[in-house]
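Numbering-wise (my numbering), the sequence shown opens with residue 6 and increments by one.
See structure below.
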Amino acid sequence: MSRIKVIEKATANPEQLELLNAIESQLGMVPNFLKVFANSPVALRAFLGLHGVANAGSLDAPTRERIALALAQQNSCEYCLSAHTAIGRKSGLSGQEIQNARAGTSDDIKAAAIVKFANVLMENRGEVSTAEILKVRNAGVSDAELVEVITHVGMNFLTNVLGKASQVEIDFPKVELKLAA
Numbered sequence: 006m007s008r009i010k011v012i013e014k015a016t017a018n019p020e021q022l023e024l025l026n027a028i029e030s031q032l033g034m035v036p037n038f039l040k041v042f043a044n045s046p047v048a049l050r051a052f053l054g055l056h057g058v059a060n061a062g063s064l065d066a067p068t069r070e071r072i073a074l075a076l077a078q079q080n081s082c083e084y085c086l087s088a089h090t091a092i093g094r095k096s097g098l099s100g101q102e103i104q105n106a107r108a109g110t111s112d113d114i115k116a117a118a119i120v121k122f123a124n125v126l127m128e129n130r131g132e133v134s135t136a137e138i139l140k141v142r143n144a145g146v147s148d149a150e151l152v153e154v155i156t157h158v159g160m161n162f163l164t165n166v167l168g169k170a171s172q173v174e175i176d177f178p179k180v181e182l183k184l185a186a
């Protein structure tokens, strides 16, 4: 049971209902973590705005999902891990690539550098060395992509914190945090 109220359409105020209906029209459902966000329409609008803009950048969907999977694993957010495993599969990631991302790597050289950089950013709260920047640049990552990676790290940290703080019920096929051996 969620420690923060989950806003359902039946009990939503007009502003919350408008947002929930818009999400449902795009996704076909409203994930529970967005129902938690709906407690504050301002916070939900801010998240949806950042999410929409960030997803229009140069990082492709599989790379964005690799970042989300790596951070959900690193931050021990079972809700986000479950959600991004399902979304990652829809974006074309294989089961092995999902496992790789959770372990902080990828079979793709550029994606591996991005995922490792995302983990370092999270682990060090943004304090990264010049050598770490050069590693990711040497893998073909542009400055624009670096900024987008940082944006996705921030956005995923936000959802990881919300998922963990609220203990929202997982409404995706549940994935355990323990990595397969």
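Backbone N, C-alpha and C fix where the C-beta goes; we use that ideal spot for every residue, glycine too.
Query, Result
"Are I72 and V41 closer than 7 Å when you measure CB to CB?", "no"
"Looking at L74: is its Cβ nearer than 7 Å to the Cβ of R107?", "yes"
"Can you say whether A43 is buried or exposed, counting buried as having 16 or more other CB atoms within 10 angstroms of its CB?", "buried"
"Apart from the five residues just before and just after F177, which ones in its own chain have a Cβ nearer than 6 Å to its Cβ?", "S87, A88 and A91"
"For N165, which of helix, strand or coil comes out of DSSP?", "helix"
"Out of I12, E174 and K121, state which residue places its alpha-carbon closest to the alpha-carbon of Q78.", "K121"
"Could you give the first and the last residue of the continuous alpha helix (DSSP H) run that contains T68?", "A66 to Q79"
"Nearest to M6 by alpha carbon, out of S111, F38 and T156?", "F38"
"Could you compute how far the alpha carbon of A116 sits from the alpha carbon of V173?", "30 Å"
"Keeping to the same chain, check which residues put their C-beta closer than 6 Å to that of C85; ignore five residues upstream and five downstream.", "A77, T164, N165 and G168"
"Note down the Cα distance separating G131 from V35, rounded to an integer number of angstroms.", "31 Å"
"Pull up the CB-CB distance for K140 and A118, whole angstroms please, since I reckon it's below 8 Å.", "6 Å"
"Please say whether L182 and E29 have beta carbons closer to each other than 7 Å?", "no"
"Alpha carbon to alpha carbon, how far is I138 from E102?", "23 Å"
"For a test of the three-state rule: what should DSSP assign to I85, helix, strand or coil?", "Just to set this straight, residue 85 is Cys in the shown sequence, not Ile. C85 falls in the helix class under three-state DSSP."
"Would you give the residue range spanned by the alpha helix (DSSP H) that I28 belongs to?", "P19 to L32"
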